[in-house]
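**Student:** Take this structure first; my questions come after.
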Amino acid sequence: MNEIRKAINERKQLKSKFNVFHKDRHFSDIQKMDVPKGLYEQCPNCGKTINKKINIQNDYVCSDCSYHFRMRSIDRIQHIVDRNSFIEKGIGYITLNPLFLHGYEEKIQEYKSSTHLDEAYIYGYGEIHGQPAVIGVMDSYFLMGSMGSVVGEKVTKTFEYAIYKKLPVIIFTASGGARMQEGIFSLMQMAKTSAAVAKHANMGLLYISVLTHPTTGGVTASFASLGDIILAEPDALIGFAGPRVIEQTIKQTLPEGFQKSEFLLEKGFIDKVVHRKDMKNTLSRLLSFHQRNQS
Numbered sequence: 001m002n003e004i005r006k007a008i009n010e011r012k013q014l015k016s017k018f019n020v021f022h023k024d025r026h027f028s029d030i031q032k033m034d035v036p037k038g039l040y041e042q043c044p045n046c047g048k049t050i051n052k053k054i055n056i057q058n059d060y061v062c063s064d065c066s067y068h069f070r071m072r073s074i075d076r077i078q079h080i081v082d083r084n085s086f087i088e089k090g091i092g093y094i095t096l097n098p099l100f101l102h103g104y105e106e107k108i109q110e111y112k113s114s115t116h117l118d119e120a121y122i123y124g125y126g127e128i129h130g131q132p133a134v135i136g137v138m139d140s141y142f143l144m145g146s147m148g149s150v151v152g153e154k155v156t157k158t159f160e161y162a163i164y165k166k167l168p169v170i171i172f173t174a175s176g177g178a179r180m181q182e183g184i185f186s187l188m189q190m191a192k193t194s195a196a197v198a199k200h201a202n203m204g205l206l207y208i209s210v211l212t213h214p215t216t217g218g219v220t221a222s223f224a225s226l227g228d229i230i231l232a233e234p235d236a237l238i239g240f241a242g243p244r245v246i247e248q249t250i251k252q253t254l255p256e257g258f259q260k261s262e263f264l265l266e267k268g269f270i271d272k273v274v275h276r277k278d279m280k281n282t283l284s285r286l287l288s289f290h291q292r293n294q295s
């Protein structure tokens, strides 16, 4: 009996020690380090935690693995175009709801507020190392850069303005494709933009298409693939349908990375894969070469 009591007392003492230890741990005076939110982001490729300010200074490219983060259209223009040379055109378009889809107008307003853009595409006159061009940029942060009626109209106006000014066009694409909320109206933009590219080409003017991650769907199947010169950023996803849809359709296993820019370069779909830090100089050389050939 004494041994049982002794064992019970030992258990009580042990439990008491554990409770004190637990209390000390739980109510410790050590406070969590107060780190403001939004200062860091993680590279989706290598997992490295990156200070956002450093990432901006590095042109949104991971310093460890060279992963190219998505860029907002304004950041892209600041990165490519000479300082104070960009003049935006095509301002004031209003996105309508042609199919009277419930919630579409509210969604557009949400993206306008979060991105401070009117739509998923901006264009205007700009210079790259003094070389003039009409430059357009899609913004994947606005409804995944999808092409609806306004985007299609602005892309068309990009080429019409370039024809009027007799200037080359450079467009940076980043899109999920045609905007499903506008149905057939968004699909019509594929033919419309392609016709505008053809008119520009018939004038003997240069069109450089720069495919960035991701460029898919109806944008890939229209003006994005019609450039006289097609460049792409490293490891960019470029294609029409997703790999699972294609595999289910053709009943075949697809090669790994078959929709990446490097694979498409190997197969002749694009002309060159260009690192972001080299993009401005590459575009400047192409514009200069084209201008010399025209004169």
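For what it's worth, my numbering labels the leading residue of the sequence shown as 1, then goes sequentially.
The C-beta atom is built at its ideal place from N, Cα and C for all residues, glycine as well.
All of these numbers come straight from a predicted model, not from anything done at the bench.
Have a look at Asn202, Leu254 and Phe159 and flag the residue whose alpha-carbon is nearest the alpha-carbon of Gly90.
**Tutor:** Nearest of Asn202, Leu254 and Phe159 to Gly90, Cα basis: Phe159.
**Student:** What residue does the beta strand (DSSP E) around Gly136 start on, and which one ends it?
**Tutor:** Gln131 to Met138 is the span of the beta strand (DSSP E), which, as asked, contains Gly136.
**Student:** Tell me which same chain residues have a C-beta within less than 7 Å of the C-beta of Cys65, skipping the five on either side of it?
**Tutor:** Counting only Cβ-Cβ distances below 7 Å, and skipping sequence neighbours, we find Cys43, Asn45 and Cys46.
**Student:** Less than 9 Å separating the beta-carbons of Gly130 and Ala178?
**Tutor:** Contact flag unset, no.
**Student:** Restricting to runs no shorter than 3 residues, where is the beta strand (DSSP E) found entirely within the segment 192 to 278?
**Tutor:** Those beta strand (DSSP E) runs which fall completely within the segment 192 to 278 and span 3+ residues are 207 to 215 and 229 to 232.
**Student:** Would you say Gly297 and Met190 are within 9 Å of each other, going by their C-beta atoms?
**Tutor:** A query on residue 297 cannot be resolved here, the shown segment of the chain reaching from 1 to 295 and no further.
**Student:** Buried or exposed: which applies to Met203, given that a residue is buried once 16 or more other Cβ atoms fall within 10 Å of its Cβ?
**Tutor:** The residue is exposed, with fewer than 16 neighbouring Cβ atoms inside 10 Å.
**Student:** When you compare the segment 71 to 81 with the segment 132 to 147, are there three or more beta-carbon pairs, one atom per stretch, that lie closer than 8 Å?
**Tutor:** Yes: the two stretches touch, three or more of their Cβ pairs being nearer than 8 Å.
**Student:** Could you please give the first and the last residue of the uninterrupted beta strand (DSSP E) stretch that includes Thr173?
**Tutor:** Val169 to Ser175 is the extent of the beta strand (DSSP E) around Thr173.
**Student:** Please check the pair Arg292 and Ala174, which I expect to be a contact at CB under 8 Å, by giving their CB distance rounded to whole angstroms.
**Tutor:** About 31 Å; that fails the 8 Å criterion.
**Student:** Evaluate the contact criterion for the segment 230 to 248 versus the segment 259 to 269: three or more CB pairs, one atom per stretch, below 8 Å.
**Tutor:** Judged by Cβ distances under 8 Å, the segment 230 to 248 makes contact with the segment 259 to 269, as three or more pairs qualify.
**Student:** So, helix, strand or coil for Met147, using DSSP?
**Tutor:** Residue state, collapsed to three classes: strand.
**Student:** With respect to the alpha helix (DSSP H) encompassing Glu110, which residues constitute its N-terminal and C-terminal limits?
**Tutor:** Tyr104 to Thr115 is the extent of the alpha helix (DSSP H) around Glu110.
**Student:** How about the segment 49 to 68 and the segment 111 to 120: do they share at least three Cβ pairs that are nearer than 8 Å?
**Tutor:** Flag = no, the segment 49 to 68 and the segment 111 to 120 do not touch.
**Student:** Taking the alpha-carbon of Leu187 as reference, which of Tyr121, Phe223 and Ala198 has the nearest alpha-carbon?
**Tutor:** If we check each option's Cα against that of Leu187, Phe223 comes out closest.
**Student:** Report yes if the C-beta distance between Leu283 and Val273 is below 9 Å; otherwise report no.
**Tutor:** Not a contact, by the Cβ cut-off of 9 Å.
**Student:** Out of Tyr207, Ile128 and Leu143, which has the shortest C-alpha to C-alpha gap to Tyr161?
**Tutor:** Per the Cα distances, Tyr207.
**Student:** Provide the residue span of the beta strand (DSSP E) that contains Gln42, from first to last.
**Tutor:** First-last of the beta strand (DSSP E) with Gln42: Tyr40 to Gln42.
**Student:** Looking only at DSSP bridge pairs, what is Tyr121 linked to?
**Tutor:** Tyr121 is bridged to Met138.
**Student:** Quick check on this structure: which residue in Ile270, Thr156 and Tyr67 has the alpha carbon closest to the alpha carbon of Gly124?
**Tutor:** Minimum Cα distance to Gly124 is reached at Thr156.
**Student:** In its own chain, which residues sit with a C-beta less than 6 Å from the C-beta of Lys192, not counting the 5 before and 5 after it?
**Tutor:** Result list for Lys192: Gly152 and Thr156, in chain order.
**Student:** From Glu127 to Asn58, what does the alpha carbon distance come to, in whole angstroms?
**Tutor:** Near 22 Å, if we compare the C-alpha coordinates of Asn58 and Glu127.
**Student:** Can you have a look at Pro255 and say buried or exposed, based on whether 16 or more other CB atoms are within 10 angstroms of its CB?
**Tutor:** Exposed is the call here.
**Student:** Kindly indicate the opening and closing residues of the beta strand (DSSP E) around Lys48.
**Tutor:** Here Lys48 belongs to no beta strand (DSSP E), and DSSP marks it neither H nor E.
**Student:** What is the rounded straight-line gap between the Cα of Thr220 and the Cα of Val210?
**Tutor:** Cα to Cα, Thr220 sits roughly 11 Å from Val210.
**Student:** Hey, how far is the Cα of Gly145 from the Cα of Thr216?
**Tutor:** If I take the Cα positions, the gap works out to 10 Å.
**Student:** Which residues in the same chain as Tyr141 place their Cβ atom closer than 6 Å to its Cβ, once the five residues preceding and following it in sequence are excluded?
**Tutor:** These residues qualify, in order along the chain: Arg72 and Thr115.
**Student:** Of the residues Gly257, Ile270, Ile229 and Arg276, which one's Cα is nearest the Cα of Phe289?
**Tutor:** Of Gly257, Ile270, Ile229 and Arg276, the residue nearest in Cα terms is Ile229.
**Student:** Which same chain residues, not among the five before or five after Lys166, have their C-beta less than 6 Å away from its C-beta?
**Tutor:** Nothing listed; no residue qualifies.
**Student:** Is the CB-CB distance between Leu143 and Ile108 below 9 Å?
**Tutor:** Yes, the Cβ-Cβ distance between Leu143 and Ile108 is below 9 Å.
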